[in-house]
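**Student:** With the first letter of the sequence shown counted as 1, position 367 gets the number 367 in the working numbering; the numbers rise by one all the way through.
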Amino acid sequence: MKRYRTIPVNRLQIGDHVIGIDKSWLETPFLTHRFRIRSKEDIERLRASGVSMVTIEADPPEQDNPALPPPDSEEPLLLKEVSLPSYKVAEMLTSLHKYLVYKYKTLFEELRQMPESGKIDTTPFVNALEEVEKLGRQYPDAYLFLAHLQSTDDETFIHSVNTMFLSLYLAHFQESTREDAILWGLSGLFHDLGKVHIPLEILHKTSPLTPEEWTVIQDHPVMGQKLLSERSNLPSLVARVAGEHHVRRNGKSYPDNVLYAATDSVTRAIMILDTFDAMTSDRSYRRGVSPSKALRKILEASRESLDPEWSTNFFLSMGIYPVGTVVELSDGEVGVVTKYHSRTPAPETNPRTNQSFSVLILKSRQGLSVIKPFIRHIEWSLNSPPPVQKTWNHSDFNIDWDFVRSHASIWM
């Protein structure tokens, strides 16, 4: 097992593998927080950015050549593939989620002021997304936990980043290539970019929309596709998904000049992820539902409006009680689902009828908060009495996600 240690920045040496620093992504100019120290200038850059403590790999790979390449050479992939402890993955993905929300919100502000000829700089998003994909490959369940970071103030931006995380998760479940997973992530992140043209008083309105305001809302897919096609260098599929993500099989969709039969397969998957996050997230005008209830609604919607095949794949990847669901067990204990094991079932089991998952217990049978959370593993056949008597929206139950993530070493 690899070992790690945290040291002051002035104790760094050339050749050290840095895997984390004591600054969030919002506070540094670095495109990644994992890199190899190749010169004294690298150490000075860290110090000049206010970094005081860094986490390094204590046992560098034996095959690593001590004769380091010059700073202007191609950076080897060795460090980027290093296995990290679960708590560090949770920390880094949390920082990246917050960073992407911040950058996406900033992009909206810039676009509202930018002339129509201005180009969208997508480099920070692509770089951060590539880092998220590399980290999530080690612990894909962490994608689902991070999708519960939300705020009604920044709902458009958090929703877009959550959809990106869910897109990466489903791409991982489909065993997509790294390149395809990144394309999925970009499509999920930018699917709602057209909302930049919606006036804020409409975007944040808590009362019912007027017919005129609803028409403005319905324009955002077309506007998003136009923005991405004409003012970014992203792959054409990203713009296509933005334009198609509100098309439905039953025709109750917009824009109505796009037929469902003509939509891309990735669009049909992201329609489901977009819907799932919208259902589970709190809004200024309503509370979200639990992930398990949202999943049931998606399966119901697949009869008429959503893609049946992708809905089934999504269910098989998530389970009846998806990661992040707050559950009250049959014996009265309350906790959060942290792992779903049935996506890789034993040969003799069927994930459609047998469920295996882990729950981080946060409250005892008497309703008291436990001093030290612990894991319960649940094995359940659909022919047996359900192990869960109720599921909750995490906001209704006031789950402290920072507390849950602080115990990542237990559940990841």
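Glycine included, each C-beta is placed from N, C-alpha and C at the ideal position.
Values in this document were obtained by computation on a predicted structure and should not be read as measured data.
Have a look at the DSSP bridge pairing and note the partners of S356.
**Tutor:** Taking the first residue of the sequence shown as 1, we reach residue 356 at position 356. For S356, which the question treats as bridged, DSSP gives the partners E379.
**Student:** Where do the N-terminal and C-terminal ends of the beta strand (DSSP E) with I56 fall, by residue?
**Tutor:** Position 56 of the sequence shown, counted from the start, is the residue given in the question as residue 56. From DSSP, the beta strand (DSSP E) with I56 extends over M53 to E57.
**Student:** Are the region 385 to 393 and the region 308 to 317 touching, with three or more C-beta to C-beta distances below 8 Å?
**Tutor:** no
**Student:** What number of angstroms, rounded off, separates the C-alpha of F403 from the C-alpha of K372?
**Tutor:** Reading the sequence shown from its first residue, position 403 is the one you call residue 403. Reading the sequence shown from its first residue, position 372 is the one you call residue 372. Spanning the two alpha carbons is a distance of roughly 11 Å.
**Student:** Taking only three categories from DSSP, how would you classify P70?
**Tutor:** Walking along the sequence shown from the start, residue 70 turns up at place 70. Reliability of the predicted coordinates at P70 is poor, the pLDDT of 45 falling under 50, and the value obtained from them is presented with this limitation in mind. In the structure shown, P70 falls within a coil segment according to DSSP collapsed to helix, strand and coil.
**Student:** Closest by CA to P124, which one among M271, L382, Y99 and S253?
**Tutor:** One-based indexing of the sequence shown puts residue 124 at position 124. Distance from the Cα of P124 is smallest, within the candidate group M271, L382, Y99 and S253, for Y99.
**Student:** By the DSSP assignment, the alpha helix (DSSP H) with P8 in it spans what residues?
**Tutor:** Indexing the sequence shown from 1 puts residue 8 at position 8. No alpha helix (DSSP H) contains P8, which is instead part of the beta strand (DSSP E) from Y4 to P8.
**Student:** Using the beta-carbon count (16 or more within 10 Å), is E74 buried or exposed?
**Tutor:** For the purposes of this step, residue 74 is identified with residue 74 of the sequence shown, where counting begins at 1. Because the pLDDT of E74 is 39, which lies under 50, any placement of that residue in the model is unreliable, and the number read from its coordinates should be weighed accordingly. Looking at its Cβ environment, which holds fewer than 16 other Cβ atoms inside 10 Å, E74 is exposed.
**Student:** Checking 8 Å against the spacing of the C-beta atoms, do L321 and S356 come in under that value?
**Tutor:** Residue mapping note: residue 321 aligns to position 321 of the sequence shown, counting from 1. Residue mapping note: residue 356 aligns to position 356 of the sequence shown, counting from 1. Residue 321 is actually Tyr in this sequence, not Leu. Pairing Y321 with S356 gives a Cβ-Cβ distance that is not under 8 Å.
**Student:** N393 to V216, Cα distance in whole Å?
**Tutor:** As a working note, residue 393 is residue 393 in the sequence shown. As a working note, residue 216 is residue 216 in the sequence shown. Counting only the Cα atoms, V216 lies some 31 Å from N393.
**Student:** Just to confirm the assignment, what range does the beta strand (DSSP E) spanning I198 have?
**Tutor:** Sequence index remark: in the sequence shown, residue 198 carries index 198 (1-based). No beta strand (DSSP E) contains I198, which DSSP labels as neither H nor E.
**Student:** Assuming G335 is part of the alpha helix (DSSP H), what are its boundary residues?
**Tutor:** Along the sequence shown, read from residue 1 onward, the residue named residue 335 stands at position 335. Taken as a continuous stretch (DSSP letters only), G335 belongs to no alpha helix (DSSP H), being part of the beta strand (DSSP E) at V334 to Y340.
**Student:** Counting pairs of beta carbons, one from the region 237 to 247 and one from the region 174 to 191, are three or more of them closer than 8 Å?
**Tutor:** Contact holds: three or more Cβ-Cβ distances are below 8 Å.
**Student:** Leaving out the 5 sequence neighbours to the left and right, which residues in its chain are closer than 8 Å to V51 when beta-carbon positions are compared?
**Tutor:** Locating residue 51 in the sequence shown gives position 51, counting from the first residue. Closer than 8 Å at Cβ, skipping near neighbours: V9, I21, D22, K23 and T28.
**Student:** Would you grab the beta carbon distance between Y4 and A48 for me? Rounded to a whole angstrom, and I think it's under 8 Å.
**Tutor:** The residue given as residue 4 occupies position 4 in the sequence shown. The residue given as residue 48 occupies position 48 in the sequence shown. Here Y4 is actually not in contact with A48; their C-beta atoms are around 24 Å apart, not less than 8 Å.
**Student:** Please classify E62 as buried or exposed, where buried requires at least 16 neighbouring CB atoms within 10 angstroms.
**Tutor:** Numbered from its first residue, the sequence shown carries residue 62 at position 62. Below a pLDDT of 50, predicted positions are generally treated as unreliable, and E62, at 49, falls in that range; the measurement from the model is reported next regardless. So E62 ends up on the exposed side.
**Student:** Measure the C-alpha to C-alpha separation of V126 and R38 and round it to an integer number of angstroms.
**Tutor:** As a first step, residue 126 is located in the sequence shown; it is residue number 126 there, counting from the start. As a first step, residue 38 is located in the sequence shown; it is residue number 38 there, counting from the start. Taking the straight line joining both Cα atoms gives about 24 Å.
**Student:** Have a look at F173, V327 and K195 and flag the residue whose alpha-carbon is nearest the alpha-carbon of A242.
**Tutor:** To locate residue 242, count along the sequence shown from 1; it is residue 242. Closest by alpha carbon: K195.
**Student:** Compare the beta carbon distance of K252 and S305 with 8 Å and say whether it is the shorter of the two.
**Tutor:** Along the sequence shown, one-based indexing puts residue 252 at 252. Along the sequence shown, one-based indexing puts residue 305 at 305. Yes; because the gap between Cβ atoms is below 8 Å, this pair is in contact.
**Student:** Output the distance between the C-alpha atoms of D256 and W310, rounded to the nearest integer angstrom.
**Tutor:** As a working note, residue 256 is residue 256 in the sequence shown. As a working note, residue 310 is residue 310 in the sequence shown. Cα-Cα distance, rounded: 22 Å.
**Student:** Return the Cβ separation of I270 and G188 in integer angstroms, given the expectation that the two are a contact with Cβ distance under 8 Å.
**Tutor:** Here residue 270 is taken as the residue at index 270 of the sequence shown, counted from 1. Here residue 188 is taken as the residue at index 188 of the sequence shown, counted from 1. Contact holds; Cβ gap of about 6 Å.
**Student:** Going by DSSP in three states, M158 sits in which element: helix, strand or coil?
**Tutor:** Position 158 of the sequence shown holds residue 158. The identity of residue 158 in the sequence shown is Ile, whereas the question assumes Met. DSSP, reduced to helix, strand and coil, places I158 within a helical segment of the structure shown.
**Student:** Taking H245 and T280 to be in contact with their CB atoms under 8 Å, please state how far apart those CB atoms are, rounded to whole angstroms.
**Tutor:** Counting from 1 along the sequence shown, the entry for residue 245 is found at position 245. Counting from 1 along the sequence shown, the entry for residue 280 is found at position 280. In fact, because the Cβ distance is near 17 Å, the residues do not count as touching under 8 Å.
**Student:** Can the beta-carbon of H220 be found closer than 8 Å to that of I198?
**Tutor:** Here residue 220 corresponds to residue number 220 of the sequence shown, with the count starting at 1. Here residue 198 corresponds to residue number 198 of the sequence shown, with the count starting at 1. Taking 8 Å as the Cβ cut-off, H220 and I198 qualify as a contacting pair.
**Student:** Could you check which residue in T353, P208, R286 and T312 has the C-alpha nearest to that of S381?
**Tutor:** Working through the sequence shown from its first residue, we reach residue 381 at position 381. Comparing Cα-Cα distances from S381 to each of T353, P208, R286 and T312, the minimum goes to T353.
**Student:** Is L129 near A147, with beta carbons less than 8 Å apart?
**Tutor:** Counting from 1 along the sequence shown, the entry for residue 129 is found at position 129. Counting from 1 along the sequence shown, the entry for residue 147 is found at position 147. No.
**Student:** What residue ranges within the region 257 to 297 form continuous alpha helix (DSSP H) runs of no fewer than 4 residues, ordered along the chain?
**Tutor:** 265 to 280
**Student:** Can you say whether D274 is buried or exposed, counting buried as having 16 or more other CB atoms within 10 angstroms of its CB?
**Tutor:** The residue given as residue 274 occupies position 274 in the sequence shown. Under this definition D274 is a buried residue.
**Student:** Considering only their Cβ atoms, is the gap separating V132 from L93 smaller than 8 Å?
**Tutor:** The count along the sequence shown starts at 1 and reaches residue 93 at position 93. The count along the sequence shown starts at 1 and reaches residue 132 at position 132. Taking 8 Å as the Cβ cut-off, L93 and V132 qualify as a contacting pair.
**Student:** Tell me which residues share the same chain as S395 and place their Cβ nearer than 8 Å to its Cβ, disregarding the 5 neighbours each side in the sequence.
**Tutor:** Residue 395 sits at position 395 when you count from the first residue of the sequence shown. In chain order, D282, R287 and G288 place their CB closer than 8 Å to the CB of S395, counting only its own chain and leaving out the 5 sequence neighbours on each side.
**Student:** Measuring straight from C-alpha to C-alpha, what distance separates S229 and V222?
**Tutor:** For the purposes of this step, residue 229 is taken as the residue at position 229 of the sequence shown. For the purposes of this step, residue 222 is taken as the residue at position 222 of the sequence shown. The alpha-carbon atoms of S229 and V222 are separated by roughly 11 Å.
**Student:** What separation, rounded to the nearest whole angstrom, lies between the Cα atoms of V18 and F35?
**Tutor:** Position 18 of the sequence shown, counted from the start, is the residue given in the question as residue 18. Position 35 of the sequence shown, counted from the start, is the residue given in the question as residue 35. Spanning the two alpha carbons is a distance of roughly 5 Å.
**Student:** If G332 sits next to R365, beta carbons under 8 Å apart, how far is it from one beta carbon to the other, in whole angstroms?
**Tutor:** In the sequence shown, the residue the question calls residue 332 occupies position 332. In the sequence shown, the residue the question calls residue 365 occupies position 365. The pair is a contact, with the Cβ atoms about 4 Å apart (cut-off 8 Å).
**Student:** Can you list, in chain order, the residues of its chain whose CB lies under 8 Å from that of I410, leaving out five sequence neighbours each side?
**Tutor:** The sequence position of residue 410 within the sequence shown is 410, counting from 1. Excluding residues within five positions, the ones whose Cβ falls inside 8 Å are L360, P373, F374 and I375.
**Student:** Can you grab the Cα-Cα spacing for the pair R178 / A171, in whole Å?
**Tutor:** The residue labelled residue 178 in the question sits at position 178 within the sequence shown. The residue labelled residue 171 in the question sits at position 171 within the sequence shown. Near 9 Å, if we compare the C-alpha coordinates of A171 and R178.
**Student:** Check each candidate in V89, T156, T163 and H159 and name the one with the smallest Cα separation from A142.
**Tutor:** Numbered from 1 along the sequence shown, position 142 holds the residue referred to as residue 142. Out of V89, T156, T163 and H159, V89 has the C-alpha closest to the C-alpha of A142.
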